[in-house]
Amino acid sequence: MTLHLTHQGATLRLRAGRLLLEKDGITLADFPARQVRRVALWGNVRLSTPALVFLLRQGAPVFFLSLEGFLYGAAGAFPDPHPAHLRAQFGAEALPLARAFVLGKLRSAQALLLRHGLPEAEEVAQALARAGEAQRLESLRGAEGEGSRAYFQGLGRLLAAQGFGRRTRRPPRDPVNAALSYGYALLLGRVLVAVRLAGLHPEVGFLHAEGRRSPALALDLMEEFRVPVVDAVVLSAFRRGHLTPAHAEAREGGVYLNEEGRRQLIELLEGRFLEEVAHPLGFRKPLGEMIELQAHRLKAALLERGRYTPFYLWR
Numbered sequence: 021m022t023l024h025l026t027h028q029g030a031t032l033r034l035r036a037g038r039l040l041l042e043k044d045g046i047t048l049a050d051f052p053a054r055q056v057r058r059v060a061l062w063g064n065v066r067l068s069t070p071a072l073v074f075l076l077r078q079g080a081p082v083f084f085l086s087l088e089g090f091l092y093g094a095a096g097a098f099p100d101p102h103p104a105h106l107r108a109q110f111g112a113e114a115l116p117l118a119r120a121f122v123l124g125k126l127r128s129a130q131a132l133l134l135r136h137g138l139p140e141a142e143e144v145a146q147a148l149a150r151a152g153e154a155q156r157l158e159s160l161r162g163a164e165g166e167g168s169r170a171y172f173q174g175l176g177r178l179l180a181a182q183g184f185g186r187r188t189r190r191p192p193r194d195p196v197n198a199a200l201s202y203g204y205a206l207l208l209g210r211v212l213v214a215v216r217l218a219g220l221h222p223e224v225g226f227l228h229a230e231g232r233r234s235p236a237l238a239l240d241l242m243e244e245f246r247v248p249v250v251d252a253v254v255l256s257a258f259r260r261g262h263l264t265p266a267h268a269e270a271r272e273g274g275v276y277l278n279e280e281g282r283r284q285l286i287e288l289l290e291g292r293f294l295e296e297v298a299h300p301l302g303f304r305k306p307l308g309e310m311i312e313l314q315a316h317r318l319k320a321a322l323l324e325r326g327r328y329t330p331f332y333l334w335r
C-alpha cells in the first residue's frame with residue numbers, strides 16, 4: 021500500500037498498530053501500519069517521530085514533495101553502498117551508459133508516436149540514429165534534445181484541445197504540463213529509492229550533469245520511464261476525460277493541479293506502477309518492479325557482470 025497524503029495541516033501518527041491521519045483532534049483516515057509500503061507527503065503534511073521510526077524499521081521510504089510538483093527528497097533506511105560498488109561507479113566510462121539511457125527514452129518516444137500515426141516519429145528516429153553514433157556526451161545530449169523536441173511536438177497534436185503546445189517547466193503553463201511535472205516528481209522519488217536500494221550513489225551520474233544535491237544517477241535512470249509511466253498516463257487521462265482543464269488552477273505565475281487533479285493523477289500513476297510490461301530482453305514485470313530491477317541491472321553492468329540494456333516500450 022502506498023499512501024499519498026495531501027490534506028494540508030494534517031499529521032500522520034502511529035497508534036496501536038495503525039497509522040492515523042489526524043487534524044485538530046479528528047481522525048481523517050486510518051491505515052493498517054504493516055501494510056504500508058511507502059508514504060508520500062505532499063505540501064504541509066507532518067509525520068510524528070514514532071510513525072517515522074516505524075516506517076524506517078519497516079523499510080518503507082517517505083517522500084517529501086511540494087504541492088507544485090517538486091521532490092524535496094526521500095527518507096529511508098537505505099544500505100550504505102559497498103566500497104567496491106562505489107569505486108566501480110566512480111570509475112565507469114560515461115558515454116556507453118549515457119547512450120543507453122537516451123536510446124531507451126527515445127525508443128519509447130518513437131513507439132508512442134507510431135502508435136498514434138504521428139509524423140514526428142520520423143524525426144525521433146533520426147535523433148535515435150544520431151544518438152547511436154554519437155562519440156561525445158555533448159553530441160549525445162544534443163541528439164536527445166532534438167528527439168525530445170520532436171516528441172513533444174507530436175504530443176502537442178494529440179493534446180492541443182487541452183492547451184498543450186510544448187513542454188514548459190518552472191512554472192508549467194497549462195494543465196498538461198502541470199500533470200507532467202507532478203508525475204515526474206512522483207516517478208523521480210521511485211527511481212531515487214530504487215538506486216539507493218541497489219547500493220549506488222544517486223548523485224554520481226553519466227548523462228545528467230552532476231551538481232550539489234542533484235540526484236544525477238536517478239535522473240539518468242528515470243529517462244527510461246518518463247514515457248512508459250508518466251507520459252502514457254497523462255496522455256490517456258486527458259484524452260479520456262479523467263483529467264480536464266478544470267483539474268488545474270492558475271496561481272503563483274503558473275498553472276498547477278488542484279486537489280482533485282492531484283488525487284486523480286496519483287491514482288492513475290499508482291495503477292500504472294502495478295501494470296505488467298515486457299522488457300526488450302523478453303521477460304515481464306510490473307512497472308514498479310521493473311524500475312527496481314533496472315537499478316540492480318545497472319549495478320551489475322558497473323561491476324562488469326553483464327551488458328546494460330535499457331527498458332523501453334517495444335510492443
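Residue numbers (our numbering): 21 to 335. Note that the Cβ used here is the ideal one computed from N, Cα and C, for glycine as well.
inquiry  = Is it buried or exposed, Pro-116, if we count other Cβ atoms within 10 angstroms and call 16 or more buried?
reply    = Your numbering for residue 116 matches position 96 in the sequence shown. With fewer than 16 Cβ atoms within 10 Å of its Cβ, Pro-116 is classed as exposed.
request  = Could you say if the segment 187-197 and the segment 254-269 meet the contact criterion of at least three C-beta pairs nearer than 8 Å?
outcome  = Touching, per the Cβ criterion.
message = Strictly by DSSP, which residues pair up with Arg-271?
response = For the purposes of this step, residue 271 is taken as residue 251 along the sequence shown, with counting starting at 1. Beta-bridge analysis with DSSP links Arg-271 to Gly-274.
request  = With DSSP as the reference, label Ala-104 as helix, strand or coil.
outcome  = Taking the sequence shown and counting its residues from 1, one reaches residue 104 at position 84. It is helical.
inquiry  = Is the separation between the beta-carbon of Arg-33 and that of Leu-40 shorter than 8 Å?
reply    = Numbered from 1 along the sequence shown, position 13 holds the residue referred to as residue 33. Numbered from 1 along the sequence shown, position 20 holds the residue referred to as residue 40. One thing to note: Arg-33 has its Cβ within 8 Å of the Cβ of Leu-40.
ask   = How would you call Phe-258, buried or exposed, if buried means at least 16 neighbouring beta carbons within 10 angstroms?
value = Here residue 258 corresponds to residue number 238 of the sequence shown, with the count starting at 1. It is buried - the Cβ of Phe-258 has at least 16 other Cβ atoms within 10 Å.
ask   = Out of curiosity, what's the CA-to-CA distance linking Glu-230 and Leu-239?
value = As a first step, residue 230 must be located in the sequence shown, where it is residue number 210. As a first step, residue 239 must be located in the sequence shown, where it is residue number 219. Distance between the alpha carbons of Glu-230 and Leu-239 is about 10 Å.
Residue range of the unbroken beta strand (DSSP E) whose run includes Ala-95 = Start at 1 with the first residue of the sequence shown, and residue 95 comes out as number 75. Counting along the chain, the unbroken beta strand (DSSP E) around Ala-95 starts and ends at 91-95.
key: Local conformation of Arg-259 per DSSP, three classes   = On the sequence shown, position 239 is the one that residue 259 refers to. Annotated three-state conformation of Arg-259 is helix, per DSSP.
request  = Check the DSSP bridge columns for His-24 and list the partner residues they point to.
outcome  = Reading the sequence shown from its first residue, position 4 is the one you call residue 24. Answer is Ala-60.
inquiry  = Mapping the DSSP letters down to three states, classify Val-254 as helix, strand or coil.
reply    = Taking the first residue of the sequence shown as position 1, residue 254 is located at position 234. Correct three-state label for Val-254: helix.
query = Contact between the segment 206-225 and the segment 297-304: three or more CB pairs below 8 Å?
reply = Judged by Cβ distances under 8 Å, the segment 206-225 makes no contact with the segment 297-304, as fewer than three pairs qualify.
inquiry  = Pairs of beta-carbons, one from the segment 173-180 and one from the segment 135-142, closer than 8 Å: are there three or more?
reply    = At 8 Å Cβ cutoff, the stretches touch.
query = Just the Cα atoms here: how many angstroms apart are Val-250 and Leu-206?
reply = Locating residue 250 in the sequence shown gives position 230, counting from the first residue. Locating residue 206 in the sequence shown gives position 186, counting from the first residue. Straight-line Cα distance between these residues: approximately 9 Å.
inquiry  = Tell me the residue span of the beta strand (DSSP E) that contains Ala-49.
reply    = Counting from one through the sequence shown, the residue named residue 49 turns up at place 29. Residues 46-52.
ask   = Taking just the CA atoms, how far does Val-211 sit from Met-349?
value = Given a span of 21 to 335 for the chain in the structure shown, any question on residue 349 remains unanswerable.
query = Does DSSP put Leu-34 in a helix, in a strand, or in coil?
reply = Working through the sequence shown from its first residue, we reach residue 34 at position 14. Of the three classes helix, strand and coil, the one that applies to Leu-34 here is strand, per DSSP.
query = Closest by CA to Tyr-204, which one among Phe-245, Gly-185 and Ala-80?
reply = Working through the sequence shown from its first residue, we reach residue 204 at position 184. Across the set Phe-245, Gly-185 and Ala-80, the C-alpha of Phe-245 shows the shortest separation from the C-alpha of Tyr-204.
key: Pair within 8 Å by beta-carbon distance, Thr-22 and Ser-68   = Residue 22 sits at position 2 when you count from the first residue of the sequence shown. Residue 68 sits at position 48 when you count from the first residue of the sequence shown. No, the pair does not count as a contact, with Cβ atoms beyond the cut-off.
query = For Leu-178, which three-state DSSP category applies?
reply = Position 158 of the sequence shown holds residue 178. Residue state, collapsed to three classes: helix.
key: Classification of Asp-272 by the beta-carbon crowding that lies within 10 angstroms, buried from 16 upward   = Position 252 of the sequence shown, counted from the start, is the residue given in the question as residue 272. Residue 272 is actually Glu in this sequence, not Asp. Exposed, because fewer than 16 other Cβ atoms sit within 10 Å of the Cβ of Glu-272.
key: Where Trp-334 falls, given that 16 or more other Cβ within 10 Å makes a residue buried   = In the sequence shown, the residue the question calls residue 334 occupies position 314. Taking a 10 Å sphere around the C-beta of Trp-334, we find fewer than 16 other C-beta atoms and assign the residue as exposed.
task = Using the Cα positions of Gly-96 and Ala-71, report the straight-line distance between them to the nearest angstrom.
result = Taking the sequence shown and counting its residues from 1, one reaches residue 96 at position 76. Taking the sequence shown and counting its residues from 1, one reaches residue 71 at position 51. The alpha-carbon of Gly-96 is positioned some 13 Å away from that of Ala-71.
task = Just mark Tyr-276 as buried or exposed, buried being the case when its beta carbon has 16 or more other beta carbons within 10 Å.
result = Numbered from its first residue, the sequence shown carries residue 276 at position 256. With a 10 Å radius around the Cβ and a threshold of 16 neighbouring Cβ atoms, Tyr-276 comes out buried.
inquiry  = One question on the structure: do Ala-80 and Val-56 come within less than 8 Å of each other, judged by their Cβ atoms?
reply    = Stepping through the sequence shown from its first residue, residue 80 is reached at position 60. Stepping through the sequence shown from its first residue, residue 56 is reached at position 36. Contact flag set, yes.
message = Between Leu-148 and Arg-119, how many whole angstroms is the CB-CB distance? I'm expecting something under 8 Å.
response = The count along the sequence shown starts at 1 and reaches residue 148 at position 128. The count along the sequence shown starts at 1 and reaches residue 119 at position 99. Not a contact, Cβ separation roughly 11 Å.
ask   = Closest to Ser-86 by CA distance: which of Arg-107, Arg-150 and Leu-61 is it?
value = By 1-based counting over the sequence shown, the position of residue 86 is 66. The shortest Cα separation from Ser-86 among Arg-107, Arg-150 and Leu-61 belongs to Leu-61.
ask   = Assuming Leu-123 contacts Gly-152 under a Cβ cut-off of 8 Å, what Cβ separation, rounded to an integer in Å, is found between them?
value = Taking the first residue of the sequence shown as position 1, residue 123 is located at position 103. Taking the first residue of the sequence shown as position 1, residue 152 is located at position 132. The C-beta distance from Leu-123 to Gly-152 rounds to 7 Å, short enough to meet the 8 Å contact threshold.
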